[in-house]
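Notes to accompany the following structure.
Number of protein chains: 2
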Amino acid sequence: MRMADLTSRAGVSSATVKWYIRIGLLPRGESTARNQARYDERHLHRIRLIRALLEVGGLTVEQTQQVLAAVDDPERGAADVAAAAHAAVSRRVAHQHTAEALPAVDRYLAARKWTVGESSPARADLAAVLAALRLLSGPIGNDDASPAADADADIARLLDPYADALEPLARSEVAGLPPAVHRGELAERIVLGTVLMDQAISALRRLAQENAFTAAADRK
Amino acid sequence: MRMADLTSRAGVSSATVKWYIRIGLLPRGESTARNQARYDERHLHRIRLIRALLEVGGLTVEQTQQVLAAVDDPERGAADVAAAAHAAVSRRVAHQHTAEALPAVDRYLAARKWTVGESSPARADLAAVLAALRLLSGPIGNDDASPAADADADIARLLDPYADALEPLARSEVAGLPPAVHRGELAERIVLGTVLMDQAISALRRLAQENAFTAAADRK
DNA sequence: TAAAACGGATAGTAGGACTATCCACTATCC
DNA sequence: GGATAGTGGATAGTCCTACTATCCGTTTTA
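Now the structure itself:
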């Protein structure tokens, strides 16, 4: 396969392909002359993977580089790849009072008996959401503001429905990972399951909400 | 409250506040002189809302403008606000074969008896994910590629666990919306429930996955 | 009454993801 | 066998987004 075939099948410009190669997202083609190279199906597949992570998954190029580095490294096991994918999906944003909300997140996780590493970016992501919600349930939009003592109970009331729904789902996702014929395939499945399915869940929730909304409106 | 109080309490620079005012995200303060104005708690709250949508929710400024325009417009009902929030969360990305995957999405929704509008961006978002996955389950990473005839069955097998988990969740979310003391409060709850809880769900899923992963590893 | 803060406007910046152009070759078609 | 189109590699330029800096003439405040 030559450059023209690769770019037309992948739907990206040759300038983009060259750039991906330069920044190490894509391996070089096998060069056949000073200024010629041959590409194969693996290159095509790689570009599609890159485009899926960038366009559909919404990752940045840098996050994509890190995820693919984990996928490519034969030293890294499934847990490492999952950690890299989790880090990439994380918004990794330090909202104002995120740090203050972290202990509450940890207490919630402990109460649910969920074991997660100290360095999981998802902890901070969840804390950022809680901090933002807390800041916004002030004077305006007050929902019977509780006396801070049972702030943990508020958090549990808020998160439990979600955690209850997601816990068995996550279990089935992890259990559903095949023993993997070869590791690269498993690594890619983990990445797609994390990055793309995040978008699928978001979309499905909105569809389910819309359906629930119209159903509720019809009943009235 | 003067500018200095507003910016220190909100944690943003005065240049940013001025810019938010200029682009219409934030109303002007009540001016008391040619170059003086007074701000109140509503301004503070608004900035916090904007920051939450931008930083935690990951919306762009333009998406935030559209969402807040819907929140501010007293003509728009709960369903309109929800639609605006859904549109803002949508990645609204036309991945290569998204259009081709749309009919399959619609068949899936019909099979689940989910009623959603033609114009729901979530339909296209879900289609983009399915199109990307389809493109990637080729030569490499083939999972016993099915003969295209039962592509719908594959999609159902993939999505059912997620839809099963999200359907009751969405129902309880919609049912949990209070009759609302006043409309602005309800509108804001809808937006936060859509935009921020999307992030919370993403984080909780990753936490649940990590927990499931370590639990599975321990059993071995 | 001098220093600091302010509202309003305009120009500039940093980062991200490409895109365009150039060069010296190679491949291909008639 | 020569014109034409395509190629790898490199560098510079572009567009967009979300601010940030600076300036000005006017209040406020110490």
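Going down the list, the sequences are from chains A and B.
Take the first sequence: its letter number 169 is residue 168 in numbering that gives the first Met the number 0, and every next letter is one higher.
Take the second sequence: its letter number 127 is residue 126 in numbering that gives the first Met the number 0, and every next letter is one higher.
Where is the CB? At the ideal position from N, CA and C, for every residue including glycine.
As the structure is a prediction and not an experimental result, all values here were calculated from the model.
B/Val128 places its beta carbon less than 7 Å from that of A/Val55. With respect to the C-alpha of B/Ser201, the residue from A/Ala9, A/Ala152, A/Ala126 having the closest C-alpha is A/Ala126. Closest option to B/Ala51, judged by alpha-carbon separation, among B/Ala36, B/Arg122, B/Ala214, B/Gln198: B/Gln198.
Distance between B/Tyr19 and B/Ala81, taken at the CA atoms: about 23 Å.
Annotated three-state conformation of B/Ser12 is coil, per DSSP. Rounded to whole angstroms, the separation of the alpha carbons of A/Ser12 and A/Ile46 is 11 Å. One thing to note: B/Ala164 has its Cβ no nearer than 7 Å to the Cβ of A/Leu191. Relative to B/Arg122, the option among B/Leu135, B/His85, B/Leu134, B/Ala152 whose CA is nearest is B/His85.
In the three-state scheme derived from DSSP, where H, G and I count as helix and E and B as strand, B/Arg37 is classed as strand. Under the three-state reduction of DSSP output, B/Ala93 falls in the coil class, being neither helix nor strand.
For B/His42, the nearest beta carbon of chain A is not closer than 7 Å to its own beta carbon. Residue-level contact by beta carbon fails for B/Trp18 and chain A, as no gap is shorter than 7 Å. Collapsing the DSSP output to three states places A/Ser7 in a helix. Exclusion of the five residues before and after B/Leu43 leaves Leu5, Arg8, Ala9 as the residues of its chain whose Cβ lies within less than 7 Å of its Cβ. Taking every protein chain shown into account, the CB of A/Pro177 has fewer than 16 other CB atoms within 10 angstroms, so this residue is exposed.
At a C-beta separation below 7 Å, B/Thr114 has these neighbours in chain A: Asn210, Thr213. Shown here, A/Glu29 sits in a strand according to DSSP, grouped into three states. Close to A/Glu61, with beta-carbon spacing below 7 Å, lies no residue of chain B; the smallest spacing is near 16 Å. Distances from the alpha-carbon of A/Leu185 to those of A/Gln208, A/Arg37, A/Ile22, A/Val70 put A/Val70 closest.
Comparing alpha carbon positions, the residue from B/Asp39, B/Ala32, B/Arg37, B/Thr114 closest to A/Asp217 is B/Thr114. Under the DSSP assignment, A/Glu166 falls in the alpha helix (DSSP H) whose first and last residues are 150-174. The three-state secondary structure of B/Trp18, taken from DSSP, is helix. Contact between the segment 151-161 of chain A and the segment 101-115 of chain A is present, with at least three C-beta pairs closer than 8 Å.
The C-alpha of B/Pro102 lies about 28 Å from the C-alpha of B/Leu58.
Cβ-Cβ separation between A/Leu195 and B/Leu203: approximately 18 Å, too far for a contact (criterion under 8 Å). In terms of beta-carbon proximity, B/Arg205 lines the interface with chain A, with at least one pair separated by less than 7 Å. Residue contact with chain B for A/Asp79: absent (no Cβ-Cβ distance below 7 Å to any residue of chain B).
Here B/Arg27 has Ile20, Ala36 as same chain residues with Cβ atoms under 7 Å from its own Cβ, once five neighbours each way along the sequence are excluded.
Here B/Ser201 carries a helix assignment [DSSP, helix/strand/coil]. Distance check between B/Val66 and each of B/Leu53, B/Arg75, B/Ala87, B/Ser119 places B/Ala87 closest, using alpha-carbon atoms only.
By the neighbour-count criterion, in which 16 or more other beta carbons inside 10 Å mark a residue as buried, A/Pro73 falls on the exposed side. Judged by DSSP in its simplified three-state form, B/Met0 adopts coil rather than helix or strand. The beta-carbon of B/His181 is placed no less than 7 Å from the nearest beta-carbon of chain A.
Contact note: B/Glu54 reaches chain A through Arg90, Val92, Ala93, His94, Gln95, Ala127, Ala131, using a C-beta cutoff of 9 Å and chain order. DSSP, read as helix, strand or coil, puts A/Leu58 in coil.
Taking a beta-carbon distance threshold of 7 Å, A/Gln198 counts as an interface residue toward chain B.
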